[in-house]
Amino acid sequence: FRWFHRDITRQKAEDILKENVDGSFLIRKSVTNIGEYSLSVHHQSQMFHYQIQFKDNKISLDTKIYFKDLYKLIE
Numbered sequence: 001f002r003w004f005h006r007d008i009t010r011q012k013a014e015d016i017l018k019e020n021v022d023g024s025f026l027i028r029k030s031v032t033n034i035g036e037y038s039l040s041v042h043h044q045s046q047m048f049h050y051q052i053q054f055k056d057n058k059i060s061l062d063t064k065i066y067f068k069d070l071y072k073l074i075e
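See the structure below:
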């Protein structure tokens, strides 16, 4: 997937997103929480980073709504 960037830092994610349009996003491996992922979003000239949480083989951004995989989360 073009939105998945396996091994980049938070700063590199921001550099990539700054070069793209508002609403751009990417998913990357978390550097601080090994084995987890982060969603980085460019919105209104600001960068936001969200920890993707895993529980019972499902994923969530807010622990209220769970998805079966990253693709379903992005949909």
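Residue numbering for the sequence shown follows UniProt numbering, starting at 1 and increasing by one per position. A virtual CB, placed ideally from N, CA and C, is assigned to each residue, including glycine. Remember, it's a predicted structure, so these values are computed and weren't measured experimentally.
Burial state of residue i (16 or more Cβ within 10 Å)
{"i": "Phe42", "result": "A small correction: the amino acid at residue 42 is His; Phe does not occupy that position in the sequence shown. His42 should be labelled buried."}
{"i": "Tyr71", "result": "exposed"}
{"i": "Arg28", "result": "buried"}
{"i": "Ser45", "result": "exposed"}
C-beta atoms of residue i and residue j nearer than 8 Å
{"i": "Lys58", "j": "Tyr50", "result": "no"}
{"i": "Ile52", "j": "Leu61", "result": "yes"}
Residues bridged to residue i (per DSSP)
{"i": "Leu26", "result": "Ser40"}
{"i": "Ser60", "result": "Gln53"}
{"i": "Phe48", "result": "Val41"}
Min CB distance residue i to chain B below 8 Å
{"i": "His5", "result": "Structure shown: chain B not included; a single protein chain is present."}
Residue i - containing alpha helix (DSSP H), residue span
{"i": "Glu75", "result": "Run containing Glu75: none; DSSP gives neither H nor E here."}
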